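Below: one structure, written as structure tokens.
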Amino acid sequence: MKRLKKQVLAVLCVLACFFALTACSGAEEEPTLGDSESSGLQLSAQNMLEGFVEIGDSMGEAAVEQYRDGDMEVLAAGMEAYLAAKKDLGAYVSVNSGRADKTDDGYSITLNAVFEQRECEFSITLDKKLEQVTSMSFNPVYTTGENMTKAALNTLMGMGTVFIVLIFISWLISCFRYIRQYEDKMNQKKTPAPLPVVAKAASDPSPAPAEDLTDDLELVAVITAAIAAFTGASEDGLVVRSIKRAPASKWKKA
């Protein structure tokens, strides 16, 4: 822990160097940076970068917590950015080149740092009075092939996710018919069986077709004699054309 505190103090001392540059800049601000001022800013930024790398390689997580406890969120975010890019960068080698520019909000310093696996663009911005670091970033430089590979993987992952979701939706829709069949079975179990319908006998059924008894000669003779006796007419003058049996219900009503 003592070592971490020393390293953090070293980074803070580098910040103090930034602040000391305000005394060297003169009372009037120049529209552009001079060579000496630009070189001083780049050297201070390089010292800060090397201090960050040394802390991040040994006790990066602890340094993040300590920066946040000291209300130095920019430094904490910068350390987190370095820890996230550390796997792709490898060990620190040197600083290849850099530049310092004056902006509307203050100063911008960018260093092209060289690591074992690839180069990295280390950038920080300062306010106009060089009293506060307003931002810090680590941007690894990837080759065209690496960028193409990442883009292909991202595309494949996105399309794969879409196809998986579509397949799941298709499977879910295909299951609807089984859900419907299950619901129909459950409804059939809950619905009571209908009572048998008993057909009511008709109160006044239609009469059956009358039977033609004209061919019964004995019955014709008897009926003819009865009519002749009842009317007093001669049997020869009577002609029986049809004889039909009357329904029994009419006899009952008589």
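Residues in the sequence shown are numbered from 1 upward in steps of one, following the working numbering.
Beta carbons are placed, not taken as given, at the ideal position from N, Cα and C, and that holds for glycine.
All values reported here derive from a predicted model rather than from experimental measurement.
Nearest-angstrom Cα separation, counted from residue j out to residue i
i, j, result
"glutamine 42", "methionine 157", "41 Å"
"methionine 72", "valine 133", "9 Å"
"alanine 77", "alanine 113", "19 Å"
"methionine 159", "tyrosine 178", "30 Å"
"serine 108", "phenylalanine 122", "11 Å"
"alanine 152", "tyrosine 142", "15 Å"
"glutamine 66", "leucine 75", "10 Å"
"valine 165", "glutamate 119", "39 Å"
Proximity test, residue i beta-carbon vs the ligand NAD heavy atom, cut-off 7 Å
i, result
"glycine 60", "Because no ligand of any kind appears in the structure shown, any question about the ligand NAD cannot be addressed here."
Helix, strand or coil at residue i according to DSSP, with G and I counted as helix
i, result
"threonine 224", "helix"
"methionine 136", "strand"
"aspartate 104", "coil"
"arginine 118", "coil"
"threonine 32", "coil"
"leucine 126", "strand"
"glutamate 218", "helix"
The alpha helix (DSSP H) enclosing residue i, as first and last residue numbers
i, result
"valine 165", "144-174"
"aspartate 69", "35-69"
"leucine 83", "73-89"
DSSP beta-bridge partners of residue i
i, result
"tyrosine 92", "Phe115"
"isoleucine 109", "Ala100, Ile124"
* Asked: Is there contact here, the region 60-67 with the region 37-51, by at least three beta-carbon pairs under 8 Å?
  -> Contact check between the region 60-67 and the region 37-51: fewer than three CB pairs, one atom from each, fall below 8 Å, which does not count as touching.
* Does the region 158-174 come close enough to the region 77-86 that 3 or more CB-CB pairs lie under 8 Å? -> Put simply, the region 77-86 does not touch the region 158-174. Fewer than three CB pairs are less than 8 Å apart.
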